[in-house]
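Novice: Residue numbers (UniProt numbering): 1 to 299.
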Amino acid sequence: MHGIKRNHLIFRGPNPFEDPSEVIIGDPKEAKFGTTSEQLFEGYRRCKELGVKRFGLHAMVVSNCLKADELLETARMLFGLAVEIYECLGIQIELVNLGGGFGIPYRPEETTVDVAAVGAGIHRVYKELIEAKGLKLRVVTECGRYITGPSGMLFSRVVHQKKIYKNYVGLDACMANLMRPGMYNAYHHITIIPNNEPVPGLPDRRVKRIDNSKDLIVKQGVYDVVGGLCENNDKFAVDRALNVDPTPGDVAVIHDAGAHGHSMGGLAGLRRVWRGGPGPFKTELGPFWCVLLLYIYIL
């Protein structure tokens, strides 16, 4: 192995207990992540031969999980592997990273995961598998979504409404601001805040709307909430019932956008650059525009 480090952490891929329909991690047999069990043990053996002294184990087998038992199963799997690695190879794992996966209730009818129960369960499994063998290791998790997801909202203005084959509500936000719905068909709850004041540049509410063609059968009471990119997957919601009938000038609040929002967004259609979106820093130098794209990677 070229440039081998003295500290090494090996990633264990998706596990068969995971739901194959999960679009983020995927079917274990189709996922690009991690290693097989055979490769895992061979990798540790080779690292030990090459002089690595400190070892860790990492897995990411669920995403946005609201089931405590599945999160506990991840801990049980990794603790069991740590014991097996010690017994087979004489390698003591110092750190087990359980990955992320702690979910948040994107839908109103969902309930948050009981982290106290998960923590107590992990402690119980740790004592059962690790302490019982006289071992000791550090346990860490990656709970970014759980911490930041409910802490952010995306506010956008309703700028269009039309009825063709469906009821469309157009926003001044797009996939560049929140990628999850268009990329994963992920659900984000949307609340419309009515606004009765005129908004410069938007249609006067007193102007009669153009009716949809009489030969079209449009679903009533549900809407596709969309952005302005020239891609048909630039949608925040499909056939969604909303709290009120949206009108240009209203404000759309897209909930739980504190994770995978700005950090996952892009420059599609240059929306985030030229429309004053968050992220890139721009300045004017004489007749030229200087656009500095600032990306921070935490390694």
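Note that beta-carbon positions come from the ideal geometry of N, C-alpha and C, so glycine has one too.
Because the structure is a prediction, the values reported are computed rather than measured.
Which same chain residues, not among the five before or five after D199, have their C-beta less than 6 Å away from its C-beta?
Specialist: Residue identity differs from the one stated: residue 199 is Val in this sequence, not Asp. The residues are G249.
Novice: If the criterion is Cβ atoms closer than 8 Å, does the pair T148 and A259 meet it?
Specialist: Cβ atoms of T148 and A259: closer than 8 Å.
Novice: Suppose you measure from the CA of A59 to the CA of M179; what does that come to, to the nearest Å?
Specialist: Going by the C-alpha atoms only, they are around 25 Å apart.
Novice: At which residue ranges does the UniProt domain "Orn/DAP/Arg decarboxylase 2 N-terminal" (27–148) contain complete beta strand (DSSP E) runs of 3 or more residues, listed in the order of the chain?
Specialist: You should have 54–59, 93–97, 138–140.
Novice: Here's the rule: buried if 16 or more other CB atoms are within 10 angstroms of the residue's CB, otherwise exposed. What is Y164?
Specialist: Here residue 164 turns out to be Ile, not Tyr, going by the sequence shown. Exposed.
Novice: Find the nearest neighbour of N185 within the set V125, V244, R240, G144, judged by alpha-carbon distance.
Specialist: The shortest Cα separation from N185 among V125, V244, R240, G144 belongs to R240.
Novice: How would you call E109, buried or exposed, if buried means at least 16 neighbouring beta carbons within 10 angstroms?
Specialist: With fewer than 16 Cβ atoms within 10 Å of its Cβ, E109 is classed as exposed.
Novice: Can you find the residues in the same chain that come closer than 6 Å, C-beta to C-beta, to S156, ignoring five residues on each side of it along the sequence?
Specialist: Excluding residues within five positions, the ones whose Cβ falls inside 6 Å are L171, D172, A173, A252.
Novice: Spatial neighbours of V244 within its chain, please: C-beta separation below 7 Å, excluding the five flanking residues on both sides.
Specialist: If we look at V244 and ignore the five residues flanking it on each side, its Cβ neighbours are I192, P194.
Novice: Quick one: is S63 buried, meaning 16 or more other Cβ sit within 10 Å of its Cβ, or exposed?
Specialist: Looking at its Cβ environment, which holds 16 or more other Cβ atoms inside 10 Å, S63 is buried.
Novice: Since I believe M175 is in contact with D234 (beta carbons under 8 Å), could you give me their beta-carbon distance rounded to a whole number of angstroms?
Specialist: D234 to M175, Cβ: 5 Å. Contact.
Novice: Excluding the five sequence neighbours on either side, which residues of its own chain have a C-beta within less than 6 Å of the C-beta of V118, listed in chain order?
Specialist: Closer than 6 Å at the Cβ level, and outside the excluded window around V118, lie A68, L71.
Novice: Just how far apart, CA to CA, sit P14 and P246?
Specialist: Any reading at P14 is ruled out, since the residue's pLDDT is 47, under 50, leaving its predicted position unreliable.
Novice: Can you give me the Cβ contacts of D114 inside the same chain, cut-off strictly under 6 Å, excluding the 5 residues immediately before and after it?
Specialist: Closer than 6 Å at the Cβ level, and outside the excluded window around D114, lie A68.
Novice: Give the secondary structure of G249 by DSSP, where H, G and I count as helix, E and B as strand, and everything else as coil.
Specialist: Residue state, collapsed to three classes: coil.
Novice: Could you check which residue in G266, L81, K162, K48 has the C-alpha nearest to that of V226?
Specialist: Taking only the C-alpha atoms, the option nearest V226 is K162.
Novice: Around the C-beta of G100, are 16 or more other C-beta atoms found within 10 angstroms, so that it is buried, or is it exposed?
Specialist: Buried, because 16 or more other Cβ atoms sit within 10 Å of the Cβ of G100.
Novice: Could you give the distance in angstroms between the alpha-carbon of C47 and the alpha-carbon of A82?
Specialist: Roughly 15 Å separates the two Cα atoms.
Novice: If we ignore side chains and look at the alpha-carbon of each, how far apart do I104 and Y223 end up?
Specialist: Cα-Cα distance, rounded: 24 Å.
Novice: Check the DSSP bridge columns for S156 and list the partner residues they point to.
Specialist: S156 pairs with A252.
Novice: Could you check the C-alpha separation between G80 and K219 for me, to the nearest Å?
Specialist: Those two C-alpha atoms are separated by around 52 Å.
Novice: For R138, collect the residues of the same chain with a Cβ closer than 6 Å to its Cβ; drop the 5 residues on either side in sequence, then sort them by chain order.
Specialist: Excluding positions up to five away in sequence, the list reads L95.
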